Amino acid sequence: MVLAQDDVKKPAGRRPGGGPSRGGAVRTWIWRVWPSLVVFVAGFVLWELAVEVFGISSFELAKPSEFLAEMWHSRDMLWDAAWVTTQEILYGFLLSFAIGVLLAVLIVRFGWLERALYPLIVLFQVVPKVALAPIFILWFGYGLAPKLLLIVVITFFPITLNMIVGLKAIDQDLLLLMRSVGSSRNQILTRIQIPTSLPYLFAGMRIAITLAVIGAVVAEFSGAENGLGYLIQFASTQLDTPLMFAALTLVSLLGLILYYGMSLLEFVLRKRFPHITADTTR
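Going by the numbering used here, the sequence shown opens with residue 1, and the numbers climb by one from there.
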């Protein structure tokens, strides 16, 4: 039996072009997000009740209602501190990205550099970064330079390591094909290895952006005049626990936003660079 075109049922939540409809995309997003929201809200409720039931002093552990109220009361001060910390994170991350990518490309392109530099990079990574912060301040003062340097020291390693793995993950048959048609090492690097390494690079960038948040806060602990790290340390010396937890909450939210912002950037660039595999499940 031949059905008329109007009698054929179309899949629900799909556009004629085959992609999900706007309503379907919203429902999919809600389905992915609601478990985290439920856990988040439940955790805050249990936190509030535990402080009340066990009679914990607000000097020891502030209730969510207290530090949320403090966030609103001190919103101007917190916003200024968050903006300072965000700038440090972004500048440090961009510098780490440039250094990490350059190191990875040079190490893979020149084998002798890998033998010379890779052990030193690993050795430098295991040095306690908290111990480096006072040294950088001693060398460069209390300005932006020591903070950026500490962020770079903490964040460049996952970018470099992941991109090295990606550059070496080239298909051997494709490599032999490129060599058989007379491609140079630089052509293989730019046309095959770098596009292949993009998913690995973005994985390293997602790790690095969270480490950049930690690096900025650690640097502000050691010496700063503003920023969320400075505000946390100042609140702890004043026994202002609600303010301290308000600043900690902002640091956590900032790291979360930057992480998912990196995932969003990956998703957007996937349309221009097909080799990028976006992390759309998180």
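All C-beta atoms in this analysis are idealised placements derived from N, C-alpha and C, irrespective of residue type, glycine included. Given the structure is predicted, the values throughout are model-derived calculations rather than measurements.
{"Item": "Reduced DSSP secondary structure (H/G/I, E/B, other) of Leu-84", "Value": "Residue identity check: residue 84 is Val in the sequence provided, not Leu. Val-84: helix per DSSP, three-state reduction."}
{"Item": "Unbroken stretches of the alpha helix (DSSP H), 4 residues or longer, contained in the segment 110-135", "Value": "111-125"}
{"Item": "Same chain, Cβ closer than 8 Å to Phe-259, five either side skipped, listed in chain order", "Value": "Here residue 259 turns out to be Tyr, not Phe, going by the sequence shown. Correct list, in chain order: Arg-206, Ile-209, Thr-210."}
{"Item": "Top-ranked residue by Cα proximity to Ile-257, from Pro-134, Val-153, Ala-82, Leu-49", "Value": "Ala-82"}
{"Item": "Own chain partners of Val-288 with C-beta closer than 7 Å, once the 5 adjacent residues on each side are dropped", "Value": "Examination of residue 288 is not possible in this model, given that the chain is present from 1 through 282 alone."}
{"Item": "Three-way DSSP call (helix, strand, coil) for Asp-173 in this model", "Value": "helix"}
{"Item": "Any alpha helix (DSSP H) of 4 or more consecutive residues that is wholly inside the segment 187-236", "Value": "194-222"}
{"Item": "Ala-106 versus Ala-169 - alpha carbon distance", "Value": "According to the sequence shown, residue 106 is Leu rather than Ala. Using only the alpha carbons, I get a separation of about 16 Å."}
{"Item": "beta-carbon Thr-190 near the ligand ADP non-hydrogen atom, thresh 8 Å", "Value": "Because no ligand of any kind appears in the structure shown, any question about the ligand ADP cannot be addressed here."}
{"Item": "Glu-114 at chain C interface by Cβ criterion, 9 Å", "Value": "The structure shown contains no chain C, having only a single protein chain."}
{"Item": "Nearest candidate by alpha-carbon position, reference Leu-78, set Phe-267, Phe-245, Leu-269", "Value": "Phe-245"}
{"Item": "Collapsed DSSP secondary structure at Leu-239 in the structure displayed", "Value": "coil"}
{"Item": "At least three beta-carbon pairs within less than 8 Å, the segment 214-234 to the segment 171-186", "Value": "no"}
{"Item": "Through-space distance from Ala-116 to Glu-52, alpha-carbon basis", "Value": "59 Å"}
{"Item": "Neighbour-count burial assignment, Leu-150, 16 or more Cβ in a 10 Å radius", "Value": "buried"}
{"Item": "Secondary structure of Leu-269, DSSP reduced to three states", "Value": "helix"}
{"Item": "The alpha helix (DSSP H) enclosing Ala-145, as first and last residue numbers", "Value": "144-168"}
{"Item": "Bounding residues of the alpha helix (DSSP H) (the contiguous stretch that carries Ser-65)", "Value": "64-73"}
{"Item": "The segment 65-80 touching the segment 231-251, judged by at least three CB pairs closer than 8 Å", "Value": "yes"}
{"Item": "Nearest candidate by alpha-carbon position, reference Gly-166, set Ile-192, Thr-86, Lys-271", "Value": "Ile-192"}
{"Item": "C-alpha gap between Glu-66 and Ser-58, whole angstroms", "Value": "8 Å"}
{"Item": "Anticipated Cβ contact below 8 Å, Leu-158 with Gly-227, distance rounded", "Value": "Residue identity check: residue 158 is Pro in the sequence provided, not Leu. Rounded, the Cβ-Cβ distance is 23 Å, inconsistent with contact."}
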